[in-house]
Ligand code: UT7
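So this is what it looks like as structure tokens:
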């Protein structure tokens, strides 16, 4: 018999430092009006120099475990979805395992960029469904400000830092993670990538001089892909869950650009008041954006037990994913 997995608790954590559009005007040739109309972003949170990804992953996890009523020693597996791990190795999941005291947990990192939370939830759900693990801690965390080139105005204004987490475990009745849609198109890798720092181009004086250790993005190509991927992935996941679009209570999209979210929403014919938005205050916080937005929706009472919530996102890879959940 397959066990149904559900989200038992969520948590999030953000840096306290706020980087406003006015701050960015002092750093690159940009202005508040351009940023707000083209992206919807007013400010974003940026890690302090001594803060790394696990410094946000740990408090986000502790909040998720407290909401779920699950102790660290009960966690069987920790997944950290990130493209900005504390170090290349050991994994950030191992750092978190040690810091929260999850002494019985296996731990690994997962690389699916901004789709990482959805990939992580899907892996967790599968482990719970087979009975191999009871409680899986899924963390989506990035400190993207470490790989953003603050001399490149086309990317400097977009990104922020943060972490979101969920405890996934067995549930009863009709609630739970009902369906997933995950996808990838590696031929689009060139549209959003970091050239240096891996085995293809190890960090060197030359790579640093050429700014190759920073994120590079073809904005318009990513934009076109994003709108299509968000709408079609939402469609697929509803079909798999046997739900109609009218049954969606809350949509939590990846917070990359208000125009992408709006275009996908219109294409999908969903009311504005069903869409959770955090982009104005956090920008695009990479893997953590959906996880943080879901946590805020749950804690504010906007997403309640029994609600059908659709999570949908896209990111580097290129990757995309959606999940239909009954809370
Ligand atoms: O999770 C990661 C996924 N990433 C994304 O989802 C990004 C998807 N793409 C986007 O969100 C948008 O393409 C951007 C926000 C990145 C750019 O918006 P756009 O409407 O596609 O602008 P554009 O690239 O076509 O540039 C329009 C103009 C250009 O000037 P010219 O050539 O028309 O004179 C740019 O140089 O805007 C200029 N520009 C800026 N101006 C002021 C680009 N960045 C800025 C800036 N401030 N920060």
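In our numbering, the protein residues as written are 1 to 327. A virtual CB, placed ideally from N, CA and C, is assigned to each residue, including glycine.
query, result
"With a 10 Å radius around its C-beta and 16 neighbouring C-beta atoms as the bar for buried, classify residue 139 as buried or exposed.", "buried"
"Identify whether residue 328 lies in helix, strand or coil by the three-state DSSP scheme.", "Shown here, the chain extends from 1 to 327; a query on residue 328 therefore has no answer."
"Less than 8 angstroms separating the Cβ of residue 217 from some heavy atom of ligand 1?", "yes"
"Between residue 78 and residue 72, what straight-line distance do the alpha-carbon atoms span, to the nearest angstrom?", "10 angstroms"
"Flag residue 26 as yes when its Cβ comes closer than 8 angstroms to any non-hydrogen atom of ligand 3, and as no otherwise.", "The ligand content of the structure shown is limited to ligand 1, which means ligand 3 is not among them."
"Report the start-end ranges of each alpha helix (DSSP H) in the region 120–195 that is 4 residues or longer and not cut off at the edges.", "153–156"
"Answer yes if the region 183–192 comes into contact with the region 213–222, meaning at least three C-beta pairs across the two stretches below 8 angstroms, and no otherwise.", "yes"
"Considering only the beta carbon of each residue, do residue 54 and residue 159 sit closer than 9 angstroms?", "no"
"Flag residue 157 as yes when its Cβ comes closer than 8 angstroms to any non-hydrogen atom of ligand 1, and as no otherwise.", "yes"
"Between residue 76 and residue 106, is the Cβ-Cβ spacing less than 9 angstroms?", "yes"
"So what's residue 300 in DSSP terms, helix, strand or just coil?", "coil"
"With 16 other CB atoms within 10 Å as the buried threshold, where does residue 48 fall?", "exposed"
"Give the secondary structure of residue 21 by DSSP, where H, G and I count as helix, E and B as strand, and everything else as coil.", "helix"
"What's the C-alpha gap between residue 319 and residue 115?", "6 angstroms"
"With burial defined as no fewer than 16 other Cβ atoms inside 10 Å of the residue's Cβ, what is the status of residue 97: buried or exposed?", "buried"
"Taking residue 282 as the reference, give the member of 68, 255, 117 with the closest Cα.", "255"
"Please confirm whether any heavy atom of ligand 1 lies closer than 8 angstroms to the CB of residue 161.", "no"
"In angstroms, rounded to a whole number, what distance separates the CA positions of residue 213 and residue 184?", "24 angstroms"
"Give me the Cα-Cα distance between residue 323 and residue 122, rounded to the nearest whole angstrom.", "8 angstroms"
"Counting only the same chain and skipping the five closest in sequence on each side, list residues whose C-beta sits under 8 angstroms from that of residue 28.", "150, 151, 152, 153, 156, 157"
"Ligand 1 and residue 154: does the residue's C-beta get closer than 8 angstroms to at least one heavy atom of that ligand?", "yes"
"Check each candidate in 173, 236, 38, 244 and name the one with the smallest Cα separation from residue 180.", "236"
"Take residue 34 as the anchor and find which of 266, 296, 267, 259 has the nearest alpha-carbon.", "259"
"Quick check on the burial criterion: 16 or more other C-beta atoms within 10 angstroms. Buried or exposed for residue 200?", "exposed"
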